[in-house]
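Chains as they are written, first to last, in this note's numbering: chain S, 5 to 148; chain E, 5 to 148. What follows is a single structure, written as structure tokens, with notes after it.
Written as structure tokens, this is what we have:
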């Protein structure tokens, strides 16, 4: 697994050919993040919401949980699938996943925003193709 | 990507050495599922809840959304991370992810239960190691 410095985000994303695939799952490991931000449930909810909007996604619901003695999970249910973040402030680490299915979402923008917002000094980003039947990625959904 | 028939579930899981890793992300593609089940929001909420419990996980929150003309997303926020399911009944397809971090959860049992509950005739299951700092997987969390 390759680990990048924060300032490598743009080049690593631009070079990743898999981003053109229409159903993808991004797994993002964020290291050396800011402790306070990783332990701030309200901040993380806002950050996840903003990341989703930057990615051109529609947030339908957003839930979170604060753990003791530290740590937060926040998950956004999107019209286009979901984004989650799980944080371990004591290790300055957070694990993000962004699952998108559709032709309009730009998860790379959400990834970049999360890396920068959490002051992550090192990260790894993996883009994994999901494998729906061909017709799935052409379908647009309507919210009830 | 290997696609298995439903009755291959036990052998494929037992042969996967990566399941011993303590922080893993399972990506499960379920094909040829039952249309009615994939479009039944209430059924899917119950199924996700049951899958989490079989995996020895603690469900802290569970949200879902019904799409029009069909399709459901359900996501369970777990003490141990999350499980999500996104369904496209018109294609008899659903995409599941199970992210676990900790030493006590058994996501393979959740996977098997979901495959069987949705009458999936074919599936693919990928186990991807997440890469937290070493101390993260030893930590147990307490719910506020």
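For glycine and all other residues, C-beta sits at the position ideal for the given N, C-alpha and C.
Residue i to residue j, Cα distance in whole Å?
i                      : j                      : result
residue 33 of chain S  : residue 91 of chain S  : 10 Å
residue 31 of chain E  : residue 130 of chain E : 5 Å
residue 125 of chain E : residue 118 of chain E : 12 Å
residue 64 of chain E  : residue 79 of chain E  : 11 Å
residue 128 of chain E : residue 8 of chain E   : 6 Å
residue 53 of chain E  : residue 39 of chain S  : 32 Å
residue 96 of chain E  : residue 103 of chain E : 23 Å
residue 140 of chain E : residue 37 of chain S  : 14 Å
residue 59 of chain S  : residue 100 of chain S : 14 Å
residue 57 of chain S  : residue 87 of chain E  : 23 Å
residue 85 of chain S  : residue 62 of chain S  : 9 Å
residue 68 of chain S  : residue 55 of chain S  : 15 Å
residue 93 of chain E  : residue 35 of chain E  : 10 Å
residue 136 of chain S : residue 71 of chain S  : 35 Å
residue 123 of chain S : residue 123 of chain E : 44 Å
Does any C-beta atom of chain E lie closer than 8 Å to the C-beta of residue i?
i                      : result
residue 49 of chain S  : no
residue 16 of chain S  : Model confidence at residue 16 of chain S stands at a pLDDT of 48, short of 50, so the residue's coordinates are unreliable and nothing is read from them.
residue 65 of chain S  : yes
residue 139 of chain S : yes
residue 79 of chain S  : yes
residue 46 of chain S  : no
residue 123 of chain S : no
Just to make sure I have the definition right: I need the residues of chain S whose C-beta is within less than 9 Å of the C-beta of residue i. Which are they?
i                     : result
residue 33 of chain E : 134, 135 and 136
Of all Cβ atoms in chain S, is any one closer than 8 Å to the Cβ of residue i?
i                      : result
residue 97 of chain E  : yes
residue 37 of chain E  : no
residue 62 of chain E  : no
residue 108 of chain E : no
residue 43 of chain E  : no
residue 69 of chain E  : yes
residue 9 of chain E   : no
Give the residues of chain E in contact with residue i, contact being defined as C-beta atoms less than 8 Å apart.
i                      : result
residue 101 of chain S : 29, 101 and 103
Listing by chain order, which chain S residues have their CB less than 7 Å from the CB of residue i?
i                      : result
residue 128 of chain E : 135
For residue i, count the other beta carbons within 10 Å of its own beta carbon; 16 or more makes it buried, fewer makes it exposed. Which is it?
i                      : result
residue 3 of chain S   : The structure shown does not extend to residue 3 of chain S, since chain S spans only 5 to 148, so no value can be given for it.
residue 28 of chain S  : buried
residue 24 of chain E  : No answer about residue 24 of chain E holds up, because its pLDDT of 42 lies below 50 and its placement is not dependable.
residue 3 of chain E   : In this structure chain E extends from 5 to 148, so residue 3 of chain E is not present and cannot be described.
residue 138 of chain S : exposed
residue 73 of chain E  : exposed
residue 112 of chain E : buried
residue 6 of chain E   : exposed
If the cut is a Cβ gap below 7 Å, which residues of chain E does residue i touch?
i                      : result
residue 115 of chain S : Here the premise fails: no neighbours, minimum Cβ distance about 16 Å.
Which residues of chain E have a Cβ atom closer than 9 Å to the Cβ of residue i, listed in chain order?
i                     : result
residue 85 of chain S : 77, 88, 90 and 99
CB of residue i to nearest heavy atom of the ligand ATP: below 7 Å?
i                      : result
residue 111 of chain E : By its list of ligands, the structure shown contains no ligand whatsoever, and the ligand ATP lies outside what it can speak to.
Using a Cβ-Cβ cut-off of 8 Å, state whether residue i counts as contacting chain B.
i                      : result
residue 129 of chain S : Included in the structure are the protein chains S and E, with no chain B among them.
- Task: Inspect the CB distances between the stretch 33 to 50 of chain E and the stretch 105 to 116 of chain E and report whether three or more fall short of 8 Å.
- Result: no
- Message: Under 8 Å, with one C-beta from each stretch per pair, do the stretch 68 to 87 of chain E and the stretch 47 to 59 of chain E reach the 3-pair mark?
- Response: Yes: at least three Cβ pairs fall under 8 Å.
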